[in-house]
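**Q**
Protein chains: 2
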Amino acid sequence: MAKILVTGSKGVIGSCLVKMLRDKGHSVFGIDLEHGFGEIGFEHEMTKTDFTYARCDVSEFRQLERIFEKAGPFDFVYHTAAEFGRWNGEDYYEQVWKSNAIGTKNVIRLQERYRFKLIHFSSSEVYGDYEDVMSEDVMDRVEVKQMNDYAMSKWVNEMQIRNSIIQHETESVIVRMFNTYGPGEWYHPYRSVNAKFCYHALHNLPVTVYKGHYRTSTYLEDTCRTLSNIVDNFQSGRVYNIGGLEYHDIEKLVNIIWDYTGADKSLINYKDTEILTTKSKKVDISKAIKDLGHKLTVSLEDGVKRTIDWMKDYYGI
Amino acid sequence: MAKILVTGSKGVIGSCLVKMLRDKGHSVFGIDLEHGFGEIGFEHEMTKTDFTYARCDVSEFRQLERIFEKAGPFDFVYHTAAEFGRWNGEDYYEQVWKSNAIGTKNVIRLQERYRFKLIHFSSSEVYGDYEDVMSEDVMDRVEVKQMNDYAMSKWVNEMQIRNSIIQHETESVIVRMFNTYGPGEWYHPYRSVNAKFCYHALHNLPVTVYKGHYRTSTYLEDTCRTLSNIVDNFQSGRVYNIGGLEYHDIEKLVNIIWDYTGADKSLINYKDTEILTTKSKKVDISKAIKDLGHKLTVSLEDGVKRTIDWMKDYYGI
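Residue numbers (the numbering used here), protein chains in the order written: chain A, 1 to 317; chain B, 318 to 634.
What follows is the structure in structure tokens.
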């Protein structure tokens with residue numbers, strides 16, 4: 001069984017992934033921005049326990065370096081820690097560039113020293129406004145303009161990793177995440193459209209639906225199962241789309257949510273296309289199916305209903 | 318005459334540009350990282366003078382914002398402030414991402430508020446390993462992989478500006494600088510190959526020459542004259558290569574320097590190609606010639622000799 005570090009272990013994907021990796025018998029250590037249970041104290045022992053966690057801002061090299069000294073060595077690092085979301089990136093670009101560009105470079109510098117295998121979390125946003133099916137090699141064939149700072153930072157990360165593979169012979173796999181959602185995704189306004197709409201429906205808050213925007217949605221557990229399989233078939237240099245198969249517009253999503261919750265339809269405002277946003281994301285996930293056993297076991301309708309049930313419970317509605 | 322802000326006004330290009338703009342009768346205010354003559358005090362008046370300068374780190378929004386409140390409004394902003402150089406970017410990537418990505422986004426956010434015309438300084442590095450003639454539209458036709466964090470940060474800047482033009486109707490011109498050198502370029506190890514080799518020859522320090530690397534070199538005064546012309550023919554959305562016409566290999570450069578200084582030839586080490594570096598940079602400068610009156614008045618041989626003469630004087634050799 002492998003010794004694994006998960007950065008961003010308290011995030012939606014990170015926390016689900018940690019659980020799955022532990023269920024498979026791996027030894028998993030997590031780091032994230034906040035204090036938490038099982039946490040190492042550095043200058044002073046703060047608690048007696050089996051340490052499985054440390055507070056760490058990946059953009060601060062000193063904090064990241066001491067994780068490897070104190071809790072390492074690791075066979076694999078799942079680097080999920082990142083500032084997330086396109087509008088978050090426009091509103092909080094300082095954090096985006098520090099956590100994503102500097103933070104990932106810090107991870108790479110330590111990879112060059114400690115030689116762990118890196119699984120880096122990228123985003124479908126790197127495909128920019130590409131209009132055809134998004135297969136992993138699009139950016140080797142077509143010039144893509146990233147449409148927001150978040151997307152740029154994720155594409156920068158992919159190039160940083162690529163250059164380190166060339167120059168320092170590091171071993172890395174990149175996963176590009178497509179609209180992951182499901183139970184466990186707590187609410188804030190910069191969340192996935194799925195989580196946001198479920199929460200708004202449950203709280204009688206208005207939503208804006210941009211017409212003619214198409215997405216696939218990937219159920220969180222399906223995503224994390226696939227991610228946890230990477231350690232069993234790690235092929236350095238590979239890039240994988242982790243997405244769904246059901247291609248749907250946002251109107252279908254909102255209809256499922258409003259039907260299931262019985263929310264007031266007057267809360268829905270329809271608008272035409274949003275500026276600088278990818279209108280349609282068709283994804284090719286055949287590589288993840290072949291190499292990583294990627295399986296989609298939950299339909300959009302079931303997944304959304306389960307998310308709503310979980311949210312009702314989580315928020316005591 | 319225009320009111321102009323120059324960020325990075327104490328840099329090699331910035332300081333030359335400030336002088337030329339003032340000679341043309343413009344009112345120029347400079348900002349840079351260090352304290353200096355003519356400097357505004359904010360909380361307390363530190364000196365009595367005509368204020369022409371303030372200390373400001375462009376990556377700190379508060380410091381940048383108050384420049385516009387205290388010394389603005391400006392018709393034009395020449396944004397030369399940046400961390401510079403590919404190996405500097407690998408060794409000091411924290412500064413690169415803060416100054417270049419966050420700093421330029423700060424400039425853009427203030428541009429969206431104050432509506433000044435922006436002249437942004439990019440780099441030939443954005444062309445990556447493109448092997449044919451570098452004309453400004455290459456990145457609209459071909460997928461280019463940036464080969465280092467510095468190059469990525471400059472390409473990020475270009476996309477940030479492009480997105481702001483689309484979303485906020487800001488007005489910006491981008492200049493891509495090609496290997497500028499000349500009197501005024503003081504030494505450090507991350508400088509242009511021209512300055513570095515001159516300094517090393519004068520101080521009997523060894524140099525490494527990578528064979529088969531071709532560049533054009535642009536004399537600093539020629540560069541700055543062209544840059545100062547932009548305010549007279551500002552066309553938003555334009556991108557200009559600012560480069561030279563003489564296409565030469567690094568061996569020719571080193572021969573001119575060693576002949577003129579009489580330095581010991583055993584200081585020169587020849588090596589094969591350097592990793593992740595553009596081997597050949599052929600540049601198309603016809604747009605800058607047409608729109609900006611770009612003129613190359615000093616040959617490589619004369620320019621290098623003048624640089625060496627200036628360096629001897631500057632360093633008291």
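Even for Gly, the Cβ is constructed at its ideal location relative to N, Cα and C.
1. Would you mind listing the beta strand (DSSP E) stretches within the region 338-375 of chain B that are 3+ residues and don't spill past its ends, in chain order?
2. Short check: CB of A82 (chain A) to CB of I67 (chain A), under 8 Å?
3. With three or more beta-carbon pairs closer than 8 Å as the criterion, would you say the region 152-160 of chain A touches the region 122-141 of chain A?
4. On a CA-only basis, which of B:L322, B:K341, B:Y410, B:A512 is nearest C373 (chain B)? Give me that one, please.
5. Report the residue ranges of all beta strand (DSSP E) runs contained in full by the region 170-247 of chain A; include only those spanning at least 3 residues, in chain order.
6. Under 8 Å, Cβ to Cβ, is there at least one residue of chain B near I161 (chain A)?
7. Using C-beta distances below 7 Å, list every residue in its chain close to T297 (chain A), excluding the 5 sequence neighbours before and after it, in chain order.
8. So I166 (chain A) is in the beta strand (DSSP E); what residue range does that whole segment cover?
9. Would you please verify whether the beta carbon of N88 (chain A) is less than 8 Å from any beta carbon of chain B?
10. Under 8 Å between C-beta atoms, does R176 (chain A) make it to chain B?
11. In whole angstroms, give me the CA-to-CA distance for A503 (chain B) and V209 (chain A).
12. With 7 Å as the limit, tell me which residues of the region 445-456 of chain B have their beta carbon closer than that to any beta carbon of chain A; keep them in chain order.
13. Helix, strand or coil, according to DSSP, for I634 (chain B) in the structure here?
14. Mapping the DSSP letters down to three states, classify S123 (chain A) as helix, strand or coil.
15. Taking I425 (chain B) as the reference, give the member of A:L33, A:E90, A:N100 with the closest Cα.
16. Using a 10 Å radius around the Cβ and a threshold of 16 neighbouring Cβ atoms, would you call F42 (chain A) buried or exposed?
17. Apart from the five residues just before and just after H343 (chain B), which ones in its own chain have a Cβ nearer than 6 Å to its Cβ?
18. With 16 other CB atoms within 10 Å as the buried threshold, where does K387 (chain B) fall?
19. If the criterion is Cβ atoms closer than 8 Å, does the pair E453 (chain B) and Y557 (chain B) meet it?
20. Can you list, in chain order, the residues of the region 410-440 of chain B whose Cβ is nearer than 8 Å to any Cβ on chain A?
21. Identify, in the order they occur along the chain, each residue of the same chain with its Cβ nearer than 6 Å to the Cβ of I250 (chain A), setting aside the five sequence neighbours on each side.
22. What are the start and end residues of the beta strand (DSSP E) that includes I585 (chain B)?
23. In angstroms with no decimal places, state the Cα-to-Cα distance between G420 (chain B) and D23 (chain A).
24. Determine which residues of the region 455-475 of chain B have a Cβ less than 7 Å from any Cβ of chain A, and write them out in chain order.
25. Using a Cβ-Cβ cut-off of 8 Å, state whether Q380 (chain B) counts as contacting chain A.
26. Does any residue of chain B bring its CB to less than 8 Å from the CB of I275 (chain A)?
27. If you run the structure through DSSP and keep just helix, strand and coil, what is L118 (chain A)?
28. Say whether chain A places a C-beta atom closer than 8 Å to the C-beta of Q552 (chain B).
**A** Reading it off the structure:
1. 344-349, 370-372
2. no
3. yes
4. B:L322
5. 172-177, 207-210, 214-216, 239-242
6. no
7. D222
8. Run containing I166 (chain A): none in the beta strand (DSSP E); it sits in the alpha helix (DSSP H), 149-168.
9. no
10. no
11. Note on residue identity: the sequence assigns Trp, not Ala, to residue 503 (chain B). About 57 Å.
12. M456
13. coil
14. strand
15. A:E90
16. exposed
17. M318, A319, I321
18. exposed
19. yes
20. Y410, E411, W414, K415, A418, I419, K422
21. V209, H213
22. 585-588
23. 44 Å
24. M456, D457, R458, V459, E460, K462, Q463, M464, N465, D466, M469, V473
25. no
26. yes
27. strand
28. no
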